[in-house]
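Quick note on numbering: full-length UniProt numbering labels position 284 of the sequence shown as 284, and the sequence is numbered without any gaps.
What follows is one structure encoded as structure tokens, with my remarks underneath.
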Amino acid sequence: MLRFLFLLGPTLLFFFFNLFFLCRRCFDAYRVKQRVSRMSVVPGVRGTGVEETREPSFLQELGEVPRCTAAAPARLRGDPWRYLVGITFCLLSISNAMQWITFGAIVDEVRLYFNMSSVQVNHLATTYVIAYVSIVFLSCKLYELTGLKVGIVIAAAANTIGSSLKLVAVYAWPNMTLLYMAQVLNSITEVLTIATPPLIANRWFPEGQRMIANTVLSSALNLGCGVGVLVPTFFVTPEKQERKHFANLFWFQFSLCACVLLMAIFFVPSRPRYMASYAAARQQRGEEKRLKAVRDIFKGHIGQSDGELEQHEHEQQQDSEQPPPQQQQHQGPEEEGDTYLTDENDEQEVQPINVFSTIMDSLRMLKKNPSFAFLMIASAAELGLIWAVATVLPQCLSPFGVSEVESGWISFLNLVFGTIVAPFFTHFVERKRQYKTVLVFIAMLLTINMSIFVFMLVFGPSPHENRTYYVVAAFILWGGVAGLCQNFIMPLMFEFVIELTFPMAESTSAPTLMWAACLSNLILTVVFGEVLGEHPTRGEALNVFMGATLVCFFGGLALLLVYPYGRRREYELLMKERDETQQFSPPLQE
Numbered sequence: 001m002l003r004f005l006f007l008l009g010p011t012l013l014f015f016f017f018n019l020f021f022l023c024r025r026c027f028d029a030y031r032v033k034q035r036v037s038r039m040s041v042v043p044g045v046r047g048t049g050v051e052e053t054r055e056p057s058f059l060q061e062l063g064e065v066p067r068c069t070a071a072a073p074a075r076l077r078g079d080p081w082r083y084l085v086g087i088t089f090c091l092l093s094i095s096n097a098m099q100w101i102t103f104g105a106i107v108d109e110v111r112l113y114f115n116m117s118s119v120q121v122n123h124l125a126t127t128y129v130i131a132y133v134s135i136v137f138l139s140c141k142l143y144e145l146t147g148l149k150v151g152i153v154i155a156a157a158a159n160t161i162g163s164s165l166k167l168v169a170v171y172a173w174p175n176m177t178l179l180y181m182a183q184v185l186n187s188i189t190e191v192l193t194i195a196t197p198p199l200i201a202n203r204w205f206p207e208g209q210r211m212i213a214n215t216v217l218s219s220a221l222n223l224g225c226g227v228g229v230l231v232p233t234f235f236v237t238p239e240k241q242e243r244k245h246f247a248n249l250f251w252f253q254f255s256l257c258a259c260v261l262l263m264a265i266f267f268v269p270s271r272p273r274y275m276a277s278y279a280a281a282r283q284q285r286g287e288e289k290r291l292k293a294v295r296d297i298f299k300g301h302i303g304q305s306d307g308e309l310e311q312h313e314h315e316q317q318q319d320s321e322q323p324p325p326q327q328q329q330h331q332g333p334e335e336e337g338d339t340y341l342t343d344e345n346d347e348q349e350v351q352p353i354n355v356f357s358t359i360m361d362s363l364r365m366l367k368k369n370p371s372f373a374f375l376m377i378a379s380a381a382e383l384g385l386i387w388a389v390a391t392v393l394p395q396c397l398s399p400f401g402v403s404e405v406e407s408g409w410i411s412f413l414n415l416v417f418g419t420i421v422a423p424f425f426t427h428f429v430e431r432k433r434q435y436k437t438v439l440v441f442i443a444m445l446l447t448i449n450m451s452i453f454v455f456m457l458v459f460g461p462s463p464h465e466n467r468t469y470y471v472v473a474a475f476i477l478w479g480g481v482a483g484l485c486q487n488f489i490m491p492l493m494f495e496f497v498i499e500l501t502f503p504m505a506e507s508t509s510a511p512t513l514m515w516a517a518c519l520s521n522l523i524l525t526v527v528f529g530e531v532l533g534e535h536p537t538r539g540e541a542l543n544v545f546m547g548a549t550l551v552c553f554f555g556g557l558a559l560l561l562v563y564p565y566g567r568r569r570e571y572e573l574l575m576k577e578r579d580e581t582q583q584f585s586p587p588l589q590e
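Written as structure tokens, this is what we have:
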């Protein structure tokens with residue numbers, strides 16, 4: 001009875017909190033709609049003076065007021081290569097996730113062949129999480145300094161080298177040392193890919209395709225984990241655990257990684273040829289400035305003659321008088337009237353070439369923007385919790401008569417079902433851009449789902465009498481509903497964090513969000529493991545699920561405290577408005 005009241009109280013409280021929030025949100029949306037309908041969107045059309053238009057508040061704070069320098073509007077279009085870029089990244093993420101989880105499905109066979117303990121085999125997957133928490137900020141700076149293509153190639157190369165070390169371990173030295181070295185290299189790939197989907201979606205895909213692209217790219221990780229649970233069982237089984245069987249598995253992984261590396265080298269351009277959106281153009285200009293600064297530093301270190309330095313300074317002066325390089329290449333017979341978007345203080349966008357500057361940027365953003373901090377807490381509570389429970393799920397369900405094979409299929413459904421369904425629903429979310437509303441609803445649904453799951457476990461029959469009852473409940477509530485929530489939360493949080501922190505680089509904001517989730521995953525996995533022990537009982541498993549329900553509840557409360565800034569959207573609307581204004585008014589003479 002105490003457990004029933006313990007769970008019912010937070011669930012009802014969270015429900016009424018969300019009901020109040022949704023009602024207030026609808027009322028605020030109605031007021032904003034009424035205000036916008038009375039405002040002029042294009043001053044030149046409706047007769048309103050230019051002085052009546054309002055600049056985005058965050059641009060005023062940064063001292064950045066974009067302006068157009070031509071009379072014709074900018075042309076936005078997606079690069080045709082964006083689909084190959086997306087496919088290449090999805091295959092990279094899938095191949096890396098398969099290697100992340102591959103040993104979890106064949107623990108006994110790996111333990112016997114490589115002379116390891118079960119704990120040591122489980123720690124092979126833990127290296128990924130430890131690596132992400134430790135070096136994620138280095139990966140952020142890598143993308144800022146080298147660009148997207150070089151970062152993807154480095155990730156694919158590390159993935160391929162890691163898979164080749166496993167072949168060496170099979171043929172030359174079957175020892176756990178090489179397996180750990182391989183996992184460390186593979187974890188570098190994971191660090192460079194897990195939070196990269198919003199960066200690719202924002203730079204390469206037009207505004208109407210960004211959300212769907214982000215969802216598909218983010219879901220590739222979960223799809224790879226789901227496939228990685230099943231693939232090893234086709235090559236290595238209790239009846240097939242000799243060297244040739246392990247070799248077949250590792251050759252399959254190496255072939256896939258090598259193909260992805262070739263695709264990253266030849267099919268991923270250094271940058272888009274066309275401007276996908278105003279926000280993408282702004283971020284791309286900042287990246288080009290940083291890359292140019294790195295090249296200048298490199299040239300300075302290797303030594304240049306005075307004549308070369310003077311010539312370089314002269315070239316820089318000429319470049320400053322011309323439009324940005326990505327816009328120069330668009331000039332042609334068909335695009336002579338394109339608008340060049342510039343910022344008054346563009347020179348301030350070039351950040352110092354310092355590895356630790358990414359950490360300082362994140363800390364400054366957390367200090368200035370409390371909503372970013374609350375979203376990090378929500379990410380740690382929702383995503384980190386789901387990953388942690390997935391790690392200990394076989395131990396939690398074993399006291400209820402659910403076998404390891406059935407737990408594996410439940411985890412597979414949890415990972416893959418949402419991956420297939422999520423892209424179809426995110427298209428509707430993209431239309432309204434109500435990220436906070438949808439995230440709060442998902443958090444409420446996940447809390448209620450976990451509460452129902454616990455109720456069914458508490459008041460269910462004895463596992464010896466009706467074991468199927470618990471198998472079906474876990475398949476529906478954890479494999480189905482929780483899987484859908486997980487695959488919706490990640491891409492929505494990626495999009496939301498970019499809206500909250502724009503113009504902060506996507507290579508910094510999204511990894512910071514995932515850092516909180518991975519840290520929470522690591523901590524909760526250790527805590528849940530200590531609670532369960534070697535031989536978990538029903539009471540200990542229920543304690544884990546009850547704790548998970550409370551964590552979901554607090555994650556939903558953190559989401560309620562996030563203010564739904566739309567900084568990227570505000571910037572893009574302002575640029576569209578100014579383009580339309582330029583069509584009806586002559587260009588300003590400076």
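Built from N, CA and C at the ideal position, the CB exists for glycine as well.
- Residue 394: member of the alpha helix (DSSP H) spanning 370 to 397, first to last residue.
- Residue 140 and residue 360 have their alpha carbons spaced roughly 12 Å apart.
- Residue 199 places its beta carbon 7 Å or farther from that of residue 430.
- The C-beta distance from residue 230 to residue 159 rounds to 20 Å, too long to meet the 8 Å contact threshold.
- Taking residue 271 as reference, the option from 373, 444 and 79 with the minimal CA-CA separation is 79.
- The alpha-carbon of residue 281 is positioned some 14 Å away from that of residue 148.
- Boundaries for residue 240: no alpha helix (DSSP H) harbours it, and the DSSP string shows neither H nor E there.
- Contact annotation: the region 550 to 559 touches the region 376 to 385, with at least three C-beta pairs closer than 8 Å.
- Looking at the backbone, the Cα of residue 453 and that of residue 565 are separated by about 34 Å.
- By the Cβ-count criterion, residue 535 is exposed, with fewer than 16 other Cβ atoms from all chains shown falling within 10 Å of its own Cβ.
- Here the C-alpha atom of residue 498 lies approximately 42 Å from the C-alpha atom of residue 248.
- Straight-line spacing of the CA atoms in residue 476 and residue 151 works out to 39 Å.
- Assigned with DSSP and collapsed to three states, residue 440 falls in helix.
- Excluding the 5 residues flanking it on each side, residue 205 has same chain C-beta neighbours closer than 7 Å at 78, 82, 213 and 276, in chain order.
- Going by C-alpha positions, residue 215 is about 16 Å away from residue 513.
- The region 556 to 571 makes no contact with the region 420 to 430; the number of CB pairs closer than 8 Å stays below 3.
- Segment contact: the region 116 to 130 against the region 168 to 188, three or more CB-CB distances shorter than 8 Å; contact assigned.
- In the three-state DSSP reduction, residue 430 falls in the helix class (H, G or I).
- Just measuring C-alpha positions, the residue of 193, 444 and 441 sitting nearest residue 97 is 193.
- Taking C-beta atoms under 8 Å as the contact rule, residue 124 and residue 103 qualify, at a distance of about 5 Å.
- Residue 501 carries a helical assignment under DSSP once its states are collapsed to helix, strand and coil.
- Counted as a single uninterrupted DSSP element, the alpha helix (DSSP H) harbouring residue 513 occupies residues 506 to 532.
- Residue range 118 to 146 is occupied by the alpha helix (DSSP H) that includes residue 135.
- Check the Cα spacing between residue 515 and each of 473, 532 and 494: the tightest is with 494.
- Going by beta carbons, residue 525 and residue 391 fall inside the 7 Å limit.
- Ranked by how close their Cα comes to the Cα of residue 175, the residues 244, 112, 223 and 573 have 112 in first place.
- The closest CA to that of residue 555, considering only 575, 443 and 131, is found on 443.
- Secondary structure note for residue 401: it is in no alpha helix (DSSP H), with a DSSP letter that is neither H nor E.
- Per the C-alpha coordinates, the member of 509, 99 and 244 positioned closest to residue 256 is 99.
- When DSSP states are grouped into helix, strand and coil, residue 270 belongs to the coil group.
- Around the beta-carbon of residue 187, 16 or more other beta-carbon atoms lie within 10 Å, marking it buried.
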